[in-house]
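This report refers to the structure that appears directly beneath it.
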Amino acid sequence: MQGEAGDITRLLASWRVGDHTAMDRLLHLLQRELQQIARRHLARERKDHTMQPSSLVREAFLRLGPPEAD
7 MQGEAGDITR LLASWRVGDH TAMDRLLHLL QRELQQIARR HLARERKDHT MQPSSLVREA
67 FLRLGPPEAD
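Note that our numbering gives residue 47 to position 41 of the sequence shown, counting from 1, and the numbers run on in steps of one.
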């Protein structure tokens, strides 16, 4: 993760100065890392749970997005 943390920092800096492709690369890295975290977390749950790692990651991305206007 140490290398990926540096990659994430560099991509954020690139995006900030106008590199529009940096966000796509950043989201790919974040999705991969969140998938790994979700798999580890769900492995500790009971065996008959129905949540999949990809569903947990989608939920996280939805919560990270901008709030909906009222």
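Backbone N, C-alpha and C define an ideal beta-carbon position, used for all residues, glycine too.
Starting from the C-beta of residue i, find all residues in its chain whose C-beta is less than 7 Å away, skip the five residues before and the five after it, and write them out in chain order.
i: aspartate 13; result: Leu35
i: methionine 57; result: Leu48
Taking its Cβ as the centre, do 16 or more other Cβ atoms sit within 10 Å of residue i, making it buried, or is it exposed?
i: valine 63; result: buried
i: leucine 70; result: exposed
i: alanine 19; result: exposed
i: arginine 22; result: exposed
i: leucine 17; result: buried
Are the CB atoms of residue i and residue j nearer to each other than 9 Å?
i: proline 59; j: leucine 48; result: yes
CB-CB under 6 Å to residue i, same chain, minus the five flanking residues each way: which ones, in chain order?
i: alanine 44; result: Pro59, Leu62 and Val63
i: glycine 24; result: none
By Cβ distance, which residues of its chain are closer than 8 Å to residue i, with the 5 residues on each side in sequence left out?
i: glutamine 37; result: Val63 and Phe67
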